[in-house]
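Residue numbers (this note's numbering): 505 to 891. Note that CB positions come from ideal geometry on N, CA and C, so glycine has one too. Note that the coordinates shown come from a computational prediction; the quantities given were computed from them, not determined experimentally. Report on the following structure.
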Ligand code: CAA
């Protein structure tokens, strides 16, 4: 087993770290406060190849591997998880699925625009009445009589980057009687007639990433913009989420790393009872447990990235690897951020320090792209073979 990074992996880690520290960290609190979408930074990240890390240069991306993607996500999210959320949706949820299931024309048109950061992508699966039980969606797509297009009527909620997205991957049922096997995937251009944005969600954390409802009414989607085969949509949605969950695990590691480093510095500098608080055993115990959980989360996430890379050669599934990484890393991030607030005492509760932001941002990693409960269900179902 060799943990050495390749030259390309090292390079993308350095690029992301440098950008995160110089361009994101100084403005992260400001964006969190205002909730403004960091469009200018996202465009710059696109220029650096961070919006399509696994996309080949033929479609405008950086042409690197999943480990490179994880390393870059950790660096960006250590500076600001909201920038990381936008980055992960463009990379994992938008580009990944089209690279895997899309036609050459779809890759040229949709992947290029998003991987370069010129446009923003989004993924529309969740509906007001269906979150964890995603296959029970009510959105419908009906093929026109001449077979040239689908007419889509859909209502989707919690659409990350929805207010700024130009293109979306959207799931709707083309055969409601067939349940999960009747769902199809579509590429949606938000500038076409019939696309509407709804209310923007005010959120606890990742506040600079915008989230809204969307609605499609009698939206005409050309048949060539269906992604994959009719009825294959649910499998596309799930396999895209397999990869997406590795990105969220990386996001959790980034937040946990930032919370840990802030705590380490504070433990060394802050004095109480005439000594640095880091000399007290109760603080030492926190530091040791934070560091151990952080590194365990990092390893599980990198291992999932490696499993995805192997699966790309063999066609095997890496579902459980991604679920375990997301489950463990998100819960580790929440626990580490919680300890960080406690270790900072009153300052941990103050907006003068970034730890309260890490605490708020960590929470979403236990919820989106499948809650911790869903990850446990996926892991246990696969391991036991029982349902
Ligand atoms: N890869 C490929 N195929 C898969 C799959 C996977 N990972 N998981 C399931 N499938 C297939 C199954 O093999 C099955 O196929 P067959 O009918 O041919 O046998 C089909 O899909 C249906 O599978 P299940 O019966 O297991 O489906 P289910 O209804 O019981 O649901 C679930 C399973 C795991 C609960 C799934 O619904 C799920 O993951 N729910 C959580 C949804 C989620 O993560 N939502 C996040 C929204 S996106 C978001 O948060 C993004 C954002 O904005 C940042």
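By the criterion of a C-beta distance shorter than 8 Å, residue 668 is surrounded in its chain by 541, 543, 624, 714, once the five residues flanking it on both sides are discounted. Contact between residue 710 and residue 868 is confirmed by a C-beta separation of about 6 Å, below the 8 Å threshold. With respect to the C-alpha of residue 808, the residue from 526, 572, 537 having the closest C-alpha is 572. Going by DSSP, residue 653 is part of the beta strand (DSSP E) stretching over 653-664. Put simply, the region 759-777 does not touch the region 531-538. Fewer than three CB pairs are less than 8 Å apart.
Using a cutoff of 7 Å, the CB of residue 865 does not count as near ligand 1, since none of the ligand's heavy atoms is closer than that. Here residue 632 carries a coil assignment [DSSP, helix/strand/coil]. Scanning 563, 516, 598 for the CA closest to the CA of residue 746 turns up 598. Counting along the chain, residue 842 sits inside the alpha helix (DSSP H) bounded by residues 823-847. At the C-beta level, residue 753 and residue 638 stay beyond 8 Å of one another. The Cβ atoms of residue 883 and residue 838 do not sit closer than 8 Å to each other. The beta carbon of residue 876 lies closer than 7 Å to those of 831, 834, 835, 870 in the same chain, with the five residues before and after it left out. In the pairwise beta carbon analysis, the region 650-659 is classified as touching the region 719-729: at least three pairs are separated by under 8 Å. The alpha-carbon separation between residue 854 and residue 662 amounts to approximately 29 Å. Residue 678 sits close to residue 645, with the two beta carbons spaced by under 8 Å. If you look at residue 693, you'll find it in the beta strand (DSSP E) that goes 687-693. Taking the C-beta atoms as reference points, residue 748 is found nearer than 8 Å to residue 873. Taken in chain order, the complete alpha helix (DSSP H) segments of 4 or more residues contained in the region 775-831 are 785-818.
Taking 8 Å as the cut-off, the Cβ atoms of residue 524 and residue 579 count as close. Three or more beta-carbon pairs drawn from the region 550-567 and the region 601-615 are found closer than 8 Å, and the two stretches are therefore classed as touching. Rounded to the nearest whole angstrom, the C-alpha separation of residue 593 and residue 522 is 22 Å. Between residue 673 and residue 691, the C-beta gap is smaller than 8 Å, which places the two residues in contact. Setting aside the 5 residues that flank it on each side, residue 864 is surrounded in the same chain by 708, 709, each with a C-beta closer than 6 Å to its C-beta; the list follows chain order.
The alpha-carbon separation between residue 659 and residue 702 amounts to approximately 9 Å. Excluding the 5 residues flanking it on each side, residue 581 has same chain C-beta neighbours closer than 6 Å at 588, 755, 758, 759, in chain order. In the structure shown, residue 625 adopts extended strand secondary structure according to DSSP, grouped into three states.
Under DSSP, the beta-bridge partners assigned to residue 716 are 663, 704. A distance of 8 Å or more separates the beta carbons of residue 664 and residue 550. With a threshold of 7 Å, the Cβ atom of residue 878 counts as near ligand 1, since some heavy atom of the ligand is closer than that.
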